[in-house]
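Numbering (our numbering), first residue to last: 9 to 146.
To keep things clear, I will list the structure first and then write my remarks on it.
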(Lines of atoms letter the chains of each structure in order from A and count residues from 1; the text may use other names and numbers.)
(Lines give C-alpha, C1' and ligand atoms only; values in the text may rest on other atoms or scores of the structure.)
Protein backbone atom coordinates (compact mmCIF):
# COMPACT_ATOMS: atom_id res chain seq x y z
CA UNK A 1 0.00 0.00 0.00
CA UNK A 2 1.37 3.39 -1.00
CA UNK A 3 1.27 6.41 1.30
CA UNK A 4 -1.05 9.31 0.53
CA UNK A 5 1.93 11.39 -0.63
CA UNK A 6 2.54 8.90 -3.47
CA UNK A 7 -1.02 9.35 -4.74
CA UNK A 8 -0.87 13.12 -4.38
CA UNK A 9 2.27 13.15 -6.54
CA UNK A 10 0.66 10.85 -9.12
CA UNK A 11 -2.49 12.97 -9.39
CA UNK A 12 -0.42 16.16 -9.62
CA UNK A 13 1.77 14.76 -12.38
CA UNK A 14 -1.22 13.23 -14.14
CA UNK A 15 -3.19 16.47 -14.30
CA UNK A 16 -0.10 18.44 -15.24
CA UNK A 17 0.82 16.10 -18.09
CA UNK A 18 -2.76 15.92 -19.36
CA UNK A 19 -2.95 19.71 -19.47
CA UNK A 20 0.46 20.34 -21.02
CA UNK A 21 0.11 17.43 -23.43
CA UNK A 22 -3.31 18.45 -24.71
CA UNK A 23 -2.25 22.09 -25.05
CA UNK A 24 0.94 21.03 -26.86
CA UNK A 25 -1.03 18.75 -29.16
CA UNK A 26 -3.87 21.11 -30.02
CA UNK A 27 -2.07 24.48 -29.92
CA UNK A 28 1.63 23.79 -30.54
CA UNK A 29 2.42 27.46 -31.26
CA UNK A 30 1.96 28.21 -27.54
CA UNK A 31 5.10 26.16 -26.89
CA UNK A 32 7.48 27.64 -29.47
CA UNK A 33 9.03 30.01 -26.93
CA UNK A 34 9.94 27.16 -24.57
CA UNK A 35 12.18 25.44 -27.11
CA UNK A 36 15.77 26.60 -27.49
CA UNK A 37 16.52 27.77 -31.04
CA UNK A 38 19.24 25.16 -31.48
CA UNK A 39 16.71 22.43 -30.64
CA UNK A 40 14.14 23.78 -33.12
CA UNK A 41 16.83 23.84 -35.84
CA UNK A 42 17.84 20.27 -34.98
CA UNK A 43 14.23 19.07 -35.33
CA UNK A 44 13.98 20.76 -38.72
CA UNK A 45 17.36 19.35 -39.82
CA UNK A 46 16.14 15.84 -38.95
CA UNK A 47 13.15 16.34 -41.26
CA UNK A 48 10.28 17.20 -38.94
CA UNK A 49 8.48 20.45 -38.41
CA UNK A 50 8.40 21.95 -34.93
CA UNK A 51 4.61 21.47 -34.93
CA UNK A 52 4.98 17.76 -35.70
CA UNK A 53 7.48 17.33 -32.87
CA UNK A 54 5.29 19.23 -30.40
CA UNK A 55 2.20 17.24 -31.38
CA UNK A 56 4.11 13.99 -30.87
CA UNK A 57 5.45 15.25 -27.53
CA UNK A 58 1.91 16.29 -26.58
CA UNK A 59 0.50 12.85 -27.41
CA UNK A 60 3.22 11.16 -25.32
CA UNK A 61 2.55 13.52 -22.41
CA UNK A 62 -1.20 12.86 -22.56
CA UNK A 63 -0.53 9.10 -22.45
CA UNK A 64 1.77 9.62 -19.47
CA UNK A 65 -0.92 11.70 -17.76
CA UNK A 66 -3.45 8.90 -18.20
CA UNK A 67 -0.99 6.38 -16.74
CA UNK A 68 -0.32 8.61 -13.74
CA UNK A 69 -4.06 8.84 -13.05
CA UNK A 70 -4.82 5.15 -13.66
CA UNK A 71 -5.18 4.11 -10.01
CA UNK A 72 -6.57 0.70 -11.00
CA UNK A 73 -3.23 -0.48 -12.42
CA UNK A 74 -1.46 -0.23 -9.09
CA UNK A 75 -0.28 -3.57 -7.74
CA UNK A 76 -0.28 -5.38 -11.07
CA UNK A 77 3.30 -6.36 -11.83
CA UNK A 78 3.17 -5.70 -15.57
CA UNK A 79 1.65 -2.25 -15.10
CA UNK A 80 4.02 -1.42 -12.25
CA UNK A 81 6.86 -1.87 -14.74
CA UNK A 82 5.14 0.56 -17.11
CA UNK A 83 4.76 3.07 -14.28
CA UNK A 84 8.46 2.73 -13.42
CA UNK A 85 9.32 3.54 -17.02
CA UNK A 86 7.01 6.59 -16.89
CA UNK A 87 8.59 7.81 -13.65
CA UNK A 88 12.07 7.35 -15.12
CA UNK A 89 10.97 9.07 -18.31
CA UNK A 90 9.79 12.11 -16.38
CA UNK A 91 13.01 12.24 -14.36
CA UNK A 92 15.15 11.97 -17.50
CA UNK A 93 12.99 14.56 -19.31
CA UNK A 94 13.37 17.05 -16.46
CA UNK A 95 17.10 16.39 -16.16
CA UNK A 96 17.60 16.95 -19.89
CA UNK A 97 15.55 20.15 -19.78
CA UNK A 98 17.71 21.41 -16.92
CA UNK A 99 20.97 20.45 -18.62
CA UNK A 100 20.13 21.59 -22.14
CA UNK A 101 17.96 24.67 -21.63
CA UNK A 102 20.14 26.54 -19.21
CA UNK A 103 18.96 28.79 -16.40
CA UNK A 104 15.74 30.64 -17.09
CA UNK A 105 12.59 31.66 -15.17
CA UNK A 106 11.28 28.06 -15.38
CA UNK A 107 14.35 26.43 -13.86
CA UNK A 108 12.89 26.39 -10.33
CA UNK A 109 9.84 24.48 -11.58
CA UNK A 110 11.94 21.90 -13.40
CA UNK A 111 14.08 21.26 -10.32
CA UNK A 112 10.95 20.55 -8.27
CA UNK A 113 9.51 18.28 -10.97
CA UNK A 114 12.80 16.35 -11.16
CA UNK A 115 12.81 15.89 -7.38
CA UNK A 116 9.15 14.80 -7.36
CA UNK A 117 9.76 12.29 -10.16
CA UNK A 118 12.72 10.80 -8.32
CA UNK A 119 10.61 10.64 -5.14
CA UNK A 120 7.89 8.71 -7.02
CA UNK A 121 10.50 6.39 -8.43
CA UNK A 122 11.93 5.68 -4.99
CA UNK A 123 8.49 5.24 -3.39
CA UNK A 124 7.40 2.80 -6.06
CA UNK A 125 10.69 0.87 -5.93
CA UNK A 126 9.67 -0.82 -2.69
CA UNK A 127 6.58 -2.23 -4.37
CA UNK A 128 8.39 -3.57 -7.42
CA UNK A 129 8.86 -7.29 -7.77
CA UNK A 130 9.36 -7.37 -11.52
CA UNK A 131 12.46 -5.22 -11.83
CA UNK A 132 15.87 -6.45 -10.78
CA UNK A 133 17.89 -4.41 -8.33
CA UNK A 134 20.63 -3.77 -10.91
CA UNK A 135 18.11 -1.77 -12.94
CA UNK A 136 17.96 0.92 -10.28
CA UNK A 137 20.55 3.64 -10.22
CA UNK A 138 19.84 4.59 -6.63
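All C-beta atoms, glycine included, are put in the ideal place defined by N, C-alpha and C.
None of these values were measured; they are calculated from a predicted model.
Item, Value
"Between which two residues does the alpha helix (DSSP H) holding residue 115 run?", "115-133"
"Which same chain residues, not among the five before or five after residue 48, have their C-beta less than 8 Å away from its C-beta?", "40 and 58"
"I'd like the ranges of any alpha helix (DSSP H) spanning at least 4 consecutive residues and lying wholly in the region 45-89.", "45-54 and 58-77"
"Can you tell me whether residue 116 is buried or exposed, with buried defined as 16 or more other CB within 10 angstroms of its CB?", "exposed"
"Which residue's Cα is closest to the Cα of residue 65: 46, 86 and 27?", "27"
"Assuming residue 29 and residue 67 form a contact by the criterion Cβ under 8 Å, report the distance between their Cβ atoms to the nearest whole angstrom.", "7 Å"
"By Cβ distance below 6 Å, which residues in the same chain neighbour residue 145 in space, the five residues on each side in sequence not counted?", "Bear in mind that a pLDDT of 49 at residue 145, under 50, signals an unreliable position, so the number given afterwards is only what the model happens to contain. Contacts found: none."
"Do residue 96 and residue 13 count as a contact pair if the criterion is CB distance below 9 Å?", "no"
"State the DSSP-derived secondary structure class of residue 32, mapped to helix, strand or coil.", "helix"
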